[in-house]
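K.L.:
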Amino acid sequence: MEDSFLSKIQIRPMRMDDLEAIVEIDRKIFGKSRPDYWKKIVIPNDQYPFSSLVAELEGKVIGFIVGEVSGGKFGVPDTVGWLTTIGVDPDFQHRGVARKLSETFIQNLKSIGVSIIYTLVNWSDWDLLKFFRNMGFTRGGEMINLQLKISE
Ligand SMILES: CC(C)(COP(=O)(O)OP(=O)(O)OC[C@H]1O[C@@H](n2cnc3c(N)ncnc32)[C@H](O)[C@@H]1OP(=O)(O)O)[C@@H](O)C(=O)NCCC(=O)NCCS
């Protein structure tokens with residue numbers, strides 16, 4: 059049953075015209091529409107088109123993953139990938155869509171020479187931590203995040 063559902067899921071590179079569907083998925087997850095935020099995220103990545111992907115079910119976008127290859131950010135080499143965000147339409151969660159997106163994302167980055175993928179998760183977001191753990195992510199050791207609060 060679930061296998062036949064997953065076999066209908068197509069994973070393809072994200073396009074500009076996916077913006078509306080992604081804004082709607084985000085609204086369903088977080089209860090707020092944020093088109094301006096997503097306009098800055100859903101941009102074509104000409105250099106690495108397979109680092110941001112969507113999951114389609116019969117032509118409808120039901121999930122997305124946004125990532126990038128470091129490109130020298132923070133002085134780290136191009137063998138580092140970043141998983142910026144992932145989301146699946148609540149109507150289709152817990153059916154393996156995010157796993158399929160993540161596995162394709164990881165394979166794509168591996169095929170271009172990326173050897174490690176970083177992501178940031180809020181320590182109190184246990185569901186997301188559990189999801190990433192199930193995807194094989196472990197707590198990082200070499201990099202720490204620093205912060206400076208500059209207003210209340
Ligand atoms: C996290 C999220 C992407 C998972 O999507 P999904 O399609 O339901 O996940 P899958 O069905 O592919 O599950 C993959 C694995 O993660 C686990 N998992 C998925 N959702 C989980 C949850 N809410 N809590 C705990 N574990 C979870 C599953 O057990 C599964 O492991 P398994 O395959 O070994 O059984 C989805 O719940 C979501 O969009 N959440 C909100 C997004 C968000 O907060 N994004 C923040 C930016 S990073």
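Heads up: the sequence shown begins at 59 in this note's numbering, then just goes up one per residue.
No residue lacks a Cβ here, since even glycine has one placed at the ideal position from N, Cα and C.
As the structure is a prediction and not an experimental result, all values here were calculated from the model.
So for glutamate 114, helix, strand or coil by DSSP?
P.N.:
In the structure shown, glutamate 114 sits in a strand (DSSP, three-state: E or B).
K.L.:
Who are phenylalanine 122's beta bridge partners in DSSP?
P.N.:
Its beta-bridge partners are Val112 and Gly145.
K.L.:
For the 8 Å Cβ check, are there 3 or more pairs between the segment 144-156 and the segment 117-128?
P.N.:
Judged by Cβ distances under 8 Å, the segment 144-156 makes contact with the segment 117-128, as three or more pairs qualify.
K.L.:
State the Cα-Cα distance for the pair glutamate 217 and proline 71, rounded to the nearest angstrom.
P.N.:
Coverage of the chain is limited to positions 59 through 210, which leaves residue 217 absent and any answer about it impossible.
K.L.:
If you compare alpha carbons, which of Ser160, Phe190 and Gln205 is closest to glutamine 222?
P.N.:
The displayed coordinates of the chain run from 59 to 210. Any statement about residue 222 would go beyond what the structure contains.
K.L.:
May I have the straight-line CA-CA distance separating methionine 74 from serine 109, to the nearest angstrom?
P.N.:
In a straight line, the C-alpha of methionine 74 is about 14 Å away from that of serine 109.
K.L.:
For glutamine 68, write down the residues that DSSP places opposite it in a beta bridge.
P.N.:
Bridge partners of glutamine 68: Glu114.
K.L.:
For tryptophan 96, I'd like the list of residues in its chain whose CB is within less than 8 Å of its CB, leaving aside the five on either flank, ordered along the chain.
P.N.:
Excluding positions up to five away in sequence, the list reads Leu77, Ile80, Val81 and Asp84.
K.L.:
Residues in the same chain with beta-carbon distance under 8 Å from glycine 107, minus the five sequence neighbours each way, listed in chain order, please.
P.N.:
The displayed chain sequence assigns proline, not glycine, to residue 107. So the qualifying residues of the chain are Pro71.
K.L.:
Please determine whether the Cβ atom of asparagine 192 lies at a distance below 7 Å from any heavy atom of ligand 1.
P.N.:
Yes, ligand 1 has a heavy atom inside 7 Å of this Cβ.
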